[in-house]
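2 protein chains.
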Amino acid sequence: MSQLLRVHNFVVSSDGYGAGEGQSLESPFGHADPGQLMSWAFGTASWPNRTEPGGSLGLEDHLVREFHRNVGAEIMGRNKFGPQRGPWVDHEWVGWWGDEPPFHTPVFVMTHHLRPSFSLSDTTFHFVDDEPAAVLQQARTAAHGKDVRLGGGAATVRAFLDADLVDTLHVAVAPVELGRGSRLWTSPDELYDRYEVDVVPRPDGFTHYLFWR
Amino acid sequence: MSQLLRVHNFVVSSDGYGAGEGQSLESPFGHADPGQLMSWAFGTASWPNRTEPGGSLGLEDHLVREFHRNVGAEIMGRNKFGPQRGPWVDHEWVGWWGDEPPFHTPVFVMTHHLRPSFSLSDTTFHFVDDEPAAVLQQARTAAHGKDVRLGGGAATVRAFLDADLVDTLHVAVAPVELGRGSRLWTSPDELYDRYEVDVVPRPDGFTHYLFWR
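Chains A and B, in that order, give the protein sequences.
Heads up, the first sequence is in UniProt numbering, so the first residue is 1 and it goes up one at a time.
Heads up, the second sequence is in UniProt numbering, so the first residue is 1 and it goes up one at a time.
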């Protein structure tokens with residue numbers, strides 16, 4: 001298989017939610033605390049939002065580092081791109097990430113409400129209203145032979161899993177329950193019949209699941 | 001720190017030996033069984049000697065893959081290069097690796113018995129009779145800004161540790177005792193005062209130690 005569709009550094013709660021309920025501009029993860037969900041990665045040397053040099057070079061750093069390796073395009077759902085719902089009122093919103101988005105590739109945002117493509121630094125956002133398989137085909141072409149990363153959220157990853165299009169997944173299960181929100185799964189063992197899996201429990205209470213096929 | 005000196009995929013027995021006693025052409029690891037020592041890596045997709053496609057994409061594959069990332073030169077001891085001792089009888093021996101050595105960079109072989117440099121495919125072997133710090137300086141220059149990998153054997157890694165020149169180490173401790181041979185350490189905790197460490201026990205009985213500072 002030459003071009004994989006990969007999920008990396010995707011965090012869910014112990015009950016399988018990738019984000020809480022009630023996403024808004026102020027709360028991109030709804031009632032979930034993103035600091036708690038992403039705490040496994042904050043201390044690593046490769047964490048892109050580090051403000052100081054240094055950081056851990058342990059196992060978590062190996063996992064964080066995979067995020068960019070050989071990735072030529074990203075696919076994300078509209079709720080990862082922004083908190084708006086329905087038709088765009090204007091095109092001022094350009095994502096959560098400021099002038100230097102951490103993608104550095106074409107990004108395909110899945111939405112029923114199209115708008116023109118635009119670029120920020122070396123990231124270009126395209127808006128597509130299509131089925132997962134068709135979006136993946138566009139992303140593969142844009143990736144010029146490299147892999148495609150599936151960025152989330154949970155509903156988007158779920159849609160590609162249901163279409164059996166995902167080749168590898170790294171999911172970190174956080175030691176916290178959310179109870180409601182956007183759900184990836186009831187339990188990781190839902191994927192055991194379709195994927196090989198490596199389960200890596202860690203001292204910080206997170207468990208990393210590496211799936212491949 | 002811009003150019004790290006890194007140890008990767010270095011295996012020792014539970015009692016700290018990197019190779020057994022009695023290295024020879026037929027037994028590069030002496031009385032140790034290299035198949036047993038390296039078994040943790042054989043099943044991974046990134047294992048360089050794979051003859052079939054596929055392989056695991058779990059945690060071990062992440063570790064194996066680090067071997068080449070951003071490496072611009074390698075340093076090794078003469079006993080990693082070959083089984084001969086003392087002056088070279090001739091220069092026919094060009095290493096264990098055939099026409100395509102897995103290094104793809106300049107390699108600095110530490111020996112008191114110099115011989116001319118030579119190239120095989122995209123690997124060039126240089127022979128140097130110098131102290132660790134001086135050899136590292138040469139390797140850093142040859143690496144053109146990339147990191148330098150310290151390839152072993154145990155005595156060579158030990159020499160660079162004693163000179164406090166090693167920045168990161170990945171050591172896999174195998175579930176096997178060797179009793180004698182070339183020793184890296186009595187116990188990994190000898191390094192705990194100088195390094196941060198992440199200890200990762202695995203279902204196959206190996207424990208991976210990731211050291212950094």
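Every residue, glycine too, gets a C-beta built ideally from N, C-alpha and C.
Just so we're clear, the structure is a prediction, and the values are computed from it rather than from any experiment.
With burial defined as no fewer than 16 other Cβ atoms inside 10 Å of the residue's Cβ, what is the status of A/PHE118: buried or exposed?
The residue you call residue 118 of chain A lines up with position 118 of the first sequence. A/PHE118 is exposed by the Cβ-count criterion.
For the candidate residues A/TRP97, A/GLU190, A/TRP185, whose alpha-carbon lies nearest to that of A/LEU120?
Here residue 120 of chain A refers to the residue found at position 120 of the first sequence. Considering only alpha carbons, the answer is A/TRP97.
Is B/ASN9 helix, strand or coil by DSSP?
Translated into positions along the second sequence, residue 9 of chain B becomes position 9. DSSP places B/ASN9 in strand when its eight states are reduced to three.
Looking at the C-beta of B/HIS8, does it have a partner C-beta in chain D at a distance below 8 Å?
Within the model displayed, chain D is absent; protein chains A and B are what it includes.
Residues that B/GLU66 contacts on chain A, provided the C-beta gap is smaller than 8 Å
In the second sequence, residue 66 of chain B corresponds to position 66, counting from 1. By Cβ distance, chain A contributes HIS62.
Alpha-carbon spacing of B/ARG50 relative to A/GLY22, whole angstroms:
Locating residue 50 of chain B in the second sequence gives position 50, where the first residue counts as 1. Locating residue 22 of chain A in the first sequence gives position 22, where the first residue counts as 1. So the two alpha carbons sit approximately 49 Å from each other.
What does A/THR168 reach in chain B if we use C-beta pairs closer than 8 Å?
Here residue 168 of chain A refers to the residue found at position 168 of the first sequence. The contacting residues are LEU57.
Mind checking A/THR186: buried by the 16 CB within 10 Å criterion, or exposed?
The residue labelled residue 186 of chain A in the question sits at position 186 within the first sequence. Exposed, by the Cβ-count rule.
Could you tell me the distance, in whole angstroms, from the CA atom of B/GLY153 to the CA atom of A/LYS146?
Mapped onto the second sequence, residue 153 of chain B falls at position 153. Mapped onto the first sequence, residue 146 of chain A falls at position 146. Roughly 36 Å between the two C-alpha positions.
For B/HIS112, I'd like the list of residues in its chain whose CB is within less than 8 Å of its CB, leaving aside the five on either flank, ordered along the chain.
For the purposes of this step, residue 112 of chain B is taken as the residue at position 112 of the second sequence. Hits under 8 Å: ASP129.
When the Cα atoms are used, what is the spatial distance from B/LEU59 to B/VAL166?
Here residue 59 of chain B corresponds to residue number 59 of the second sequence, with the count starting at 1. Here residue 166 of chain B corresponds to residue number 166 of the second sequence, with the count starting at 1. About 24 Å.
Is the Cβ-Cβ distance between B/GLY205 and B/ASP15 less than 8 Å?
For the purposes of this step, residue 205 of chain B is identified with residue 205 of the second sequence, where counting begins at 1. For the purposes of this step, residue 15 of chain B is identified with residue 15 of the second sequence, where counting begins at 1. No.
Can A/TYR209 and A/VAL173 be called in contact, C-beta distance under 8 Å?
Along the first sequence, read from residue 1 onward, the residue named residue 209 of chain A stands at position 209. Along the first sequence, read from residue 1 onward, the residue named residue 173 of chain A stands at position 173. Contact flag set, yes.
Whole-angstrom distance between B/GLY181 and B/GLY156, CA atom to CA atom
For this step, residue 156 of chain B is matched to residue 156 along the second sequence. For this step, residue 181 of chain B is matched to residue 181 along the second sequence. In the sequence on display, residue 156 of chain B carries Thr and not Gly. If I take the Cα positions, the gap works out to 14 Å.
Here's a check: name, in chain order, each residue in its chain whose Cβ is nearer than 8 Å to the Cβ of residue 229 of chain B, leaving out the five neighbours to either side.
The requested residue 229 of chain B is not part of the displayed model; chain B covers only 1 to 213.
Inter-residue Cα distance where the pair is A/THR123 and A/LEU4
The residue labelled residue 123 of chain A in the question sits at position 123 within the first sequence. The residue labelled residue 4 of chain A in the question sits at position 4 within the first sequence. C-alpha separation (whole angstroms): 20 Å.
Going along chain A, which residues have a C-beta under 7 Å from B/TRP212?
Within the second sequence, the letter at position 212 stands for residue 212 of chain B. Neighbours of B/TRP212 on chain A, chain order: LEU57.
Figure out for me which residue from B/LEU25, B/VAL200, B/MET110 has the closest Cα to the Cα of B/PHE160.
In the second sequence, counting from the first residue as 1, residue 160 of chain B sits at position 160. Among B/LEU25, B/VAL200, B/MET110, the Cα nearest to that of B/PHE160 is on B/MET110.
Going by beta carbon distance, what residues of the same chain come within less than 8 Å of A/GLU74, once the five residues before and after it are set aside?
Position 74 of the first sequence, counted from the start, is the residue given in the question as residue 74 of chain A. Only PHE103, THR105, PRO106, VAL107, PHE108, ALA139, VAL148, ARG149, LEU150, GLY151 meet the Cβ criterion.
What did DSSP end up calling A/PHE206 once you bin it into helix, strand or coil?
Taking the first residue of the first sequence as 1, we reach residue 206 of chain A at position 206. Reduced to three states, the DSSP call for A/PHE206 is coil.
Give me whichever residues DSSP pairs with B/SER182 in a beta bridge.
Along the second sequence, read from residue 1 onward, the residue named residue 182 of chain B stands at position 182. BP columns for B/SER182 point to B/ALA19.
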